[in-house]
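Asks: Can you keep this structure in mind? I'll have questions shortly.
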Amino acid sequence: MLDHAPHSADVRPSNLGIAARLLTLASLGFALHLWAAPAAMAGPQDDASAQKQVAKKESQKEKAAAKGQDAPKKGAAPQKSSPVKRSRLSGRGAPPKPASIPGTARSSRGGIVSPKVSAGPVPVKGAKGQPGMDLSEKAAKLGGAPLVAPGAGAAEMTPEQMAQKAKYEAKMKQAQSSGKKPAAAPRPPRNPNAKLEIPFGMEKHDFGRARQGDMLIHTFKLQSNGSEPVVISQASPTCGCTLGEVKILAVGEETPALYTFGDSIAPGSEVQISATLDTKSKKNKTNVRINVYSNDGKTGVTMLSLAANVEPFLVASPPFLQFGQIREGTERTGTIDFRTSNGDRIMLAQDPTRPIPLPAGLSMDFVPVNADESGKASVWRATFTVGKDSPEGGKSYAVRLNSDVELPKNPKLPDKVAGKAGAPTVYQVTANVNYTILGAISLQTQYLSLGLVRPDQPVVRNVRLTCHEDDFDLSNVKATLTGEGNQPLQWADRFKVSVKPVSGSNAVDIELRLNGLPADADGSFRGRIAIETGHPTKPSEFVRFSGVCRKTARNVARPVPSEKKGG
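FYI, in our numbering the residues of the sequence shown are 37 to 603.
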């Protein structure tokens with residue numbers, strides 16, 4: 037026993053290590069068994085699962101056919117639909133089952149074997165009971181032109197596509213029989229194999245800075261990159277842009293040929309479209325667009341654009357001459373310079389076709405600055421003087437000047453379009469003059485609206501009367517109420533007018549207060565505030581007021597502000 041105890045203590049650690057290794061190997065073996073079990077079980081069931089899928093599809097087809105035959109006829113009572121299964125968690129309809137891929141099967145390792153792809157159009161699965169559609173039919177159903185290759189055979193086209201192609205060919209024959217070069221051809225059906233492309237960024241061209249009246253010309257270069265010919269039916273520019281010539285540079289050719297809309301453009305050919313930006317009626321930043329319609333299978337429309345920053349030929353500085361408020365009996369002077377943007381010497385004169393008379397008391401002196409021997413100058417100056425005899429009130433005047441430089445004519449436009457009736461034929465420039473003459477006495481407004489009120493509702497309105505002579509005293513101003521047109525003021529006992537001086541200004545506020553109309557009041561009311569100023573040049577003024585009283589009024593006038601009580 038004494039000899040066995042030490043020996044047992046040495047052997048025990050090695051036995052524990054062996055046991056741990058055996059346990060690890062057993063765990064790995066069990067894990068590998070679990071991983072391989074699904075793959076091992078899938079092999080024998082391949083044939084059975086495939087047969088079940090085929091039987092299920094045949095059953096679904098039979099049910100769909102039976103539903104099509106049993107569909108209710110016109111006038112028959114509608115059938116009740118089966119209840120929708122709801123999810124217990126969200127209450128919404130049950131999620132759809134994942135769609136199965138036709139012709140697929142599992143391999144012995146659990147993977148999916150792809151089916152063989154047959155030639156022909158790619159089918160798109162339709163709704164139940166409806167046949168599938170190819171991509172061309174789907175595009176036509178969505179509203180676009182069907183994707184039809186011009187050389188496609190009748191066996192490869194649907195009846196709708198055949199009708200579309202026949203209609204297009206009939207229109208083309210009719211256009212060609214006229215013998216004239218068409219400005220536009222019938223719109224061709226879109227062809228997925230036809231591509232009209234332009235390098236990215238080249239569909240836009242910016243001329244940068246240009247002068248008004250310049251004719252800016254640019255040629256866009258597109259490419260027929262499809263496997264089948266491109267057909268352009270029309271190139272439509274927007275206002276201010278004129279389309280020039282459309283030429284085709286075929287593969288192997290050195291000189292481009294003039295293109296006729298509706299002709300086929302072979303793959304690899306270059307399409308050259310020249311366009312002119314007419315800046316005659318343009319100012320500052322301007323953009324125009326050209327839409328090129330073709331049988332391109334992607335969009336059918338290629339958009340090109342031209343841009344320029346157009347500097348006006350003539351500039352008024354300032355374009356608006358604001359004198360502001362001018363005291364009656366005083367004089368004010370201001371100037372406007374008219375100059376050419378590039379320094380050209382020109383003649384300027386007032387437009388005789390639309391003469392505008394000067395307001396009373398306003399005069400204008402128009403002369404060239406540093407004119408040459410012929411009287412032409414690059415700068416013309418108009419000096420406006422508001423005289424002392426100018427009558428009281430607000431005034432405005434628009435000056436319109438014509439130059440002796442004719443607007444450039446666009447040779448691409450016919451004469452009847454280029455010379456519209458009333459359209460200017462020379463460069464023009466306009467400017468405006470505005471001012472207000474203040475009399476010795478002025479009113480803030482000559483009309484007060486009390487708005488819509490209810491019976492017993494108080495309303496207060498104010499109008500300010502100002503004297504522009506510091507030495508005249510407004511402390512004797514009086515205000516009284518009268519009716520309109522020598523008629524007595526209705527409900528006169530309910531109105532009150534008072535005069536209150538304005539602190540820090542030679543002015544007074546005329547306050548009109550309505551202390552509430554009678555309970556049976558209903559209808560409109562109007563009157564006048566007669567003001568006695570005591571000034572020798574304007575001894576009296578008046579202000580009109582009106583309002584409407586309704587018992588059931590909702591959107592009423594603003595209430596009277598509460599007055600602070602002293603003490």
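Even for Gly, the Cβ is constructed at its ideal location relative to N, Cα and C. All values reported here derive from a predicted model rather than from experimental measurement.
Hey, G559 and Q493: beta-carbon distance below 8 angstroms or not?
Replies: Here residue 559 is taken as the residue at index 523 of the sequence shown, counted from 1. Here residue 493 is taken as the residue at index 457 of the sequence shown, counted from 1. Cβ atoms of G559 and Q493: not closer than 8 angstroms.
Asks: Leaving out five residues before and five after E281 in sequence, what residues of the same chain have Cβ atoms less than 6 angstroms from its Cβ?
Replies: For the purposes of this step, residue 281 is identified with residue 245 of the sequence shown, where counting begins at 1. Closer than 6 angstroms at Cβ, skipping near neighbours: S310.
Asks: Provide the residue span of the beta strand (DSSP E) that contains F236, from first to last.
Replies: Taking the sequence shown and counting its residues from 1, one reaches residue 236 at position 200. Counting along the chain, F236 falls outside any beta strand (DSSP E), and DSSP gives it neither H nor E.
Asks: How many angstroms separate the CA atom of T296 from the CA atom of A344?
Replies: Indexing the sequence shown from 1 puts residue 296 at position 260. Indexing the sequence shown from 1 puts residue 344 at position 308. Approximately 30 angstroms between the Cα atoms of the pair.
Asks: With which residues is R247 paired in a DSSP beta bridge?
Replies: As a working mapping, residue 247 is identified with position 211 in the sequence shown. According to DSSP, R247 bridges with E347.
Asks: Contact defined as beta carbons within less than 8 angstroms: I believe T338 pairs with L258. What is the distance between those atoms, to the nearest angstrom?
Replies: One-based indexing of the sequence shown puts residue 338 at position 302. One-based indexing of the sequence shown puts residue 258 at position 222. Right, the Cβ-Cβ distance comes to about 7 angstroms (below 8 angstroms), so this counts as a contact.
Asks: With DSSP as the reference, label T274 as helix, strand or coil.
Replies: Along the sequence shown, read from residue 1 onward, the residue named residue 274 stands at position 238. Coil.
Asks: State buried or exposed for S260, treating a residue as buried only when at least 16 other CB atoms are found within 10 Å of its CB.
Replies: Taking the sequence shown and counting its residues from 1, the one referred to as residue 260 is at position 224. Buried: at least 16 other Cβ atoms inside 10 Å.
Asks: Out of L294, N320, R247 and Y329, point me to the one whose CA is closest to E233's CA.
Replies: Taking the first residue of the sequence shown as position 1, residue 233 is located at position 197. Comparing Cα positions, the closest option is Y329.
Asks: I need the DSSP call for N498, collapsed to helix, strand or coil.
Replies: As a first step, residue 498 is located in the sequence shown; it is residue number 462 there, counting from the start. Of the three classes helix, strand and coil, the one that applies to N498 here is strand, per DSSP.
Asks: Since I believe S439 is in contact with M383 (beta carbons under 8 angstroms), could you give me their beta-carbon distance rounded to a whole number of angstroms?
Replies: The count along the sequence shown starts at 1 and reaches residue 383 at position 347. The count along the sequence shown starts at 1 and reaches residue 439 at position 403. About 7 angstroms separates the two Cβ atoms, so the contact holds.
Asks: Where does I326 fall in DSSP's three states?
Replies: Counted from its first residue, the sequence shown places residue 326 at position 290. In this structure, I326 counts as strand in the three-state DSSP scheme.
Asks: Using DSSP bridges, identify the partner residues of T466.
Replies: Along the sequence shown, read from residue 1 onward, the residue named residue 466 stands at position 430. Partner(s): R436.
Asks: Could you give the DSSP three-state label for T369: helix, strand or coil?
Replies: By one-based count along the sequence shown, residue 369 stands at place 333. Here T369 sits in strand by DSSP.
Asks: Along the chain, where does the beta strand (DSSP E) containing S485 start, and where does it finish?
Replies: Residue numbering aside, residue 485 sits at position 449 when the sequence shown is read from its first letter. Per DSSP, S485 belongs to the beta strand (DSSP E) from Y483 to V489.
Asks: For T274, which residues in the same chain have their Cβ closer than 6 angstroms to its Cβ, ignoring the five residues on either side in sequence?
Replies: Indexing the sequence shown from 1 puts residue 274 at position 238. Closer than 6 angstroms at the Cβ level, and outside the excluded window around T274, lie V324 and R325.
Asks: Any idea which residues DSSP pairs K240 with across the strands?
Replies: Position 204 of the sequence shown, counted from the first residue, corresponds to residue 240. Partner(s): S341.
Asks: With DSSP as the reference, please indicate the residues paired to A418 in a beta bridge.
Replies: Looking up residue 418 in the sequence shown gives position 382. Partner(s): I372 and F402.
Asks: Please state the DSSP three-state secondary structure of A555.
Replies: Here residue 555 is taken as the residue at index 519 of the sequence shown, counted from 1. Looking at A555 - three-state DSSP - the assignment turns out to be coil, as it is neither helix nor strand.
Asks: Which of the three DSSP states is assigned to K257 in this structure?
Replies: Counted from its first residue, the sequence shown places residue 257 at position 221. Correct three-state label for K257: strand.
Asks: Going straight from the alpha carbon of P292 to that of K283, what length do you get?
Replies: To locate residue 292, count along the sequence shown from 1; it is residue 256. To locate residue 283, count along the sequence shown from 1; it is residue 247. Cα-Cα distance, rounded: 6 angstroms.
Asks: In the DSSP output, what is E547 paired with across the bridge?
Replies: One-based indexing of the sequence shown puts residue 547 at position 511. DSSP links E547 through a beta bridge to N498 and S534.
Asks: For a test of the three-state rule: what should DSSP assign to R586, helix, strand or coil?
Replies: As a first step, residue 586 is located in the sequence shown; it is residue number 550 there, counting from the start. Coil, per DSSP.
Asks: Counting only the same chain and skipping the five closest in sequence on each side, list residues whose C-beta sits under 6 angstroms from that of G336.
Replies: Here residue 336 is taken as the residue at index 300 of the sequence shown, counted from 1. R226.
Asks: DSSP three-state label for E428, please.
Replies: Sequence index remark: in the sequence shown, residue 428 carries index 392 (1-based). Coil at E428, not helix or strand.
Asks: If you count every other CB in all the chains shown that lies within 10 Å of the CB of A302, and 16 or more means buried, which is it?
Replies: Residue numbering aside, residue 302 sits at position 266 when the sequence shown is read from its first letter. With fewer than 16 Cβ atoms within 10 Å of its Cβ, A302 is classed as exposed.
Asks: Can V544 and T516 be called in contact, C-beta distance under 8 angstroms?
Replies: Taking the first residue of the sequence shown as 1, we reach residue 544 at position 508. Taking the first residue of the sequence shown as 1, we reach residue 516 at position 480. Cβ distance not < 8 angstroms, so V544 and T516 don't count as in contact.
Asks: Would DSSP call A566 helix, strand or coil?
Replies: Position 530 of the sequence shown, counted from the start, is the residue given in the question as residue 566. Strand at A566.
Asks: Does A190 pass the burial test, meaning 16 or more other C-beta atoms within 10 Å, or should it be called exposed?
Replies: On the sequence shown, position 154 is the one that residue 190 refers to. Residue confidence is low: A190 scores 47 on pLDDT, short of 50, so the model does not pin down where it sits. No coordinate-derived value is stated.
Asks: Looking at the secondary structure, which residues open and close the beta strand (DSSP E) in which G360 lies?
Replies: Indexing the sequence shown from 1 puts residue 360 at position 324. Start and end: F356 to R363.
Asks: Per DSSP, Y471 forms a beta bridge with which residues?
Replies: Sequence index remark: in the sequence shown, residue 471 carries index 435 (1-based). Residue pairing by DSSP places Y471 opposite G360 and K431 in a beta bridge.
Asks: Can you list, in chain order, the residues of its chain with a C-beta nearer than 6 angstroms to that of T472? Leave out the 5 residues immediately preceding and following it.
Replies: Numbered from its first residue, the sequence shown carries residue 472 at position 436. Closer than 6 angstroms at Cβ, skipping near neighbours: Q361 and G430.
Asks: Does the distance from the C-beta atom of V496 to that of R549 stay below 8 angstroms?
Replies: Stepping through the sequence shown from its first residue, residue 496 is reached at position 460. Stepping through the sequence shown from its first residue, residue 549 is reached at position 513. Their beta carbons are under 8 angstroms apart, which means V496 touches R549 by this criterion.
Asks: Check each candidate in D507, T366, G487 and N378 and name the one with the smallest Cα separation from C475.
Replies: Counting from 1 along the sequence shown, the entry for residue 475 is found at position 439. Looking at the sequence itself, residue 475 is Gly, so the reference to Cys does not match. It is T366.
Asks: Sorted by chain position, which residues of the same chain lie with C-beta nearer than 7 angstroms to K574's C-beta, five sequence neighbours on each side aside?
Replies: As a first step, residue 574 must be located in the sequence shown, where it is residue number 538. Excluding residues within five positions, the ones whose Cβ falls inside 7 angstroms are G475, A476 and I477.
Asks: The beta strand (DSSP E) that contains R310, what's its start and end?
Replies: Along the sequence shown, one-based indexing puts residue 310 at 274. Looking at the sequence shown, residue 310 is not Arg but Ser. Start and end: E306 to D314.
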